[in-house]
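S.K.: Mapped onto our numbering, the consecutive letters of the sequence shown carry residue numbers 13 to 212.
All C-beta atoms in this analysis are idealised placements derived from N, C-alpha and C, irrespective of residue type, glycine included.
All of these numbers come straight from a predicted model, not from anything done at the bench.
So that we are looking at the same thing, I have put the structure below in structure tokens.
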Amino acid sequence: MGVDRLNGWLRRVPTWAVYIAGALPGPLMVFQGATGGLGVEPIKALEHGLGAWALQFLIAGLAITPLRRGLGLNLMRFRRAIGVLAFYYLCLHLLVWLALDVRNPAQIWADIVKRPYITVGMAAALLLLPLALTSNNLSVRRLGGRWRQLHRLVYPAVLLGAVHFVMLRKGLQLEPLLYLCAVLGLLALRLPVRRWLQAA
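In structure tokens:
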């Protein structure tokens with residue numbers, strides 16, 4: 013009964029409200045960085061904070077189907093908004109890295125090639141690009157069944173994003189490992205275990 017009531021309340025929440033609420037932390041973090049609220053290394057703090065938001069939204073998107081199947085909580089109508097917000101934070105993360113951290117265009121390619129954690133992060137970003145470009149009703153209609161197949165790229169993309177976070181932090185730190193465990197757990201829930209058991 014509690015879940016049904018919550019689903020009823022969620023049906024009254026407009027998707028535009030999710031977009032606005034989800035996008036607000038980005039400019040707030042930029043403001044904090046500009047006014048000295050992000051510590052002694054504001055560029056690094058901003059870059060990492062925006063990347064963490066991107067990964068959090070990707071994980072939230074992965075959790076929607078298991079929540080519906082396991083608990084009956086229906087967040088499907090917000091899945092597109094969550095995916096778009098993940099890409100929004102990814103773009104901000106890349107923009108801060110390019111414009112404020114690297115700053116030298118000639119160094120960008122060298123960093124991608126020489127630094128494995130950047131290579132992995134860029135691979136994740138490239139996988140998410142076609143998903144962002146096709147996150148609209150027109151693409152759904154034109155691609156038909158291929159749209160769902162294309163959007164399965166989110167699985168390797170979010171895994172690469174979590175690995176990027178682990179590699180970014182020097183040594184084994186708890187926070188990025190928790191993100192990685194969350195991603196692995198949510199991906200494991202999608203394995204066709206029931207089918208394998210029935211076939212055994």
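Considering only residues of the same chain and omitting the five flanking positions on each side of V114, which have a CB-CB separation below 6 angstroms?
M.R.: Counted from its first residue, the sequence shown places residue 114 at position 102. Within the same chain, V114 has close Cβ partners I120.
S.K.: Apart from the five residues on each side of it in sequence, which residues of its chain come closer than 6 angstroms, Cβ to Cβ, to A144?
M.R.: On the sequence shown, position 132 is the one that residue 144 refers to. Excluding sequence neighbours, A144 sits near F99.
S.K.: What's the C-alpha gap between G63 and L70?
M.R.: One-based indexing of the sequence shown puts residue 63 at position 51. One-based indexing of the sequence shown puts residue 70 at position 58. Computed Cα separation, rounded: 11 angstroms.
S.K.: What is the DSSP secondary structure of K126, reduced to helix, strand or coil?
M.R.: Reading the sequence shown from its first residue, position 114 is the one you call residue 126. K126 falls in the helix class under three-state DSSP.
S.K.: Indicate the three-state DSSP secondary structure (helix, strand or coil) for A200 in the structure shown.
M.R.: On the sequence shown, residue 200 is found 188 positions in, with the first residue counted as 1. Three-state result, A200: helix.
S.K.: Once DSSP output is grouped into helix, strand and coil, what is the label at N149?
M.R.: In the sequence shown, residue 149 corresponds to position 137, counting from 1. The three-state secondary structure of N149, taken from DSSP, is helix.
S.K.: Whole angstroms is fine: what's the gap from G84's alpha carbon to V166's?
M.R.: Against the sequence shown, residue 84 aligns to sequence position 72. Against the sequence shown, residue 166 aligns to sequence position 154. Going from the Cα of G84 to the Cα of V166 covers about 23 angstroms.
S.K.: What is the rounded straight-line gap between the Cα of W21 and the Cα of R80?
M.R.: By 1-based counting over the sequence shown, the position of residue 21 is 9. By 1-based counting over the sequence shown, the position of residue 80 is 68. Approximately 15 angstroms between the Cα atoms of the pair.
S.K.: Hey, how far is the Cα of W109 from the Cα of D16?
M.R.: As a working note, residue 109 is residue 97 in the sequence shown. As a working note, residue 16 is residue 4 in the sequence shown. Taking the straight line joining both Cα atoms gives about 43 angstroms.
S.K.: Here's the rule: buried if 16 or more other CB atoms are within 10 angstroms of the residue's CB, otherwise exposed. What is I94?
M.R.: For this step, residue 94 is matched to residue 82 along the sequence shown. Buried, since its Cβ has 16 or more Cβ neighbours within 10 Å.
S.K.: Leaving out five residues on either side along the sequence, give the residues of the same chain with a beta carbon under 8 angstroms from the beta carbon of R4.
M.R.: One cannot answer for residue 4 here, as it falls past the ends of the chain, which runs 13 to 212.
S.K.: Could you tell me the alpha carbon to alpha carbon distance between L102 and V175, rounded to whole angstroms?
M.R.: Position 90 of the sequence shown holds residue 102. Position 163 of the sequence shown holds residue 175. When the Cα atoms are used, L102 and V175 turn out to be separated by approximately 15 angstroms.
S.K.: In whole angstroms, what is the alpha-carbon distance linking G49 and G157?
M.R.: As a position in the sequence shown, residue 49 is number 37, starting the count at 1. As a position in the sequence shown, residue 157 is number 145, starting the count at 1. Roughly 47 angstroms separates the two Cα atoms.
S.K.: In terms of residues, what are the limits of the alpha helix (DSSP H) holding G105?
M.R.: Position 93 of the sequence shown holds residue 105. Reading off the sequence, residue 105 comes out as His, not Gly. R91 to V108 is the extent of the alpha helix (DSSP H) around H105.
S.K.: Taking the alpha carbon of H60 as the reference point, which residue from R160, L107, S147 and L150 has its own alpha carbon closest?
M.R.: In the sequence shown, residue 60 corresponds to position 48, counting from 1. Selected option, being the one with the closest Cα: L107.
S.K.: What are the boundary residues of the alpha helix (DSSP H) that includes D113?
M.R.: As a first step, residue 113 is located in the sequence shown; it is residue number 101 there, counting from the start. First-last for D113: undefined, no H or E at that position.
S.K.: Would you check if the distance between the CB atom of A118 and the CB atom of L139 is smaller than 9 angstroms?
M.R.: Position 106 of the sequence shown, counted from the start, is the residue given in the question as residue 118. Position 127 of the sequence shown, counted from the start, is the residue given in the question as residue 139. No, they are not a contact pair.
S.K.: Spatial neighbours of G51 within its chain, please: CB distance less than 8 angstroms, with the 5 preceding and 5 following residues excluded, ordered by chain position.
M.R.: For the purposes of this step, residue 51 is identified with residue 39 of the sequence shown, where counting begins at 1. Within the same chain, G51 has close Cβ partners A57.
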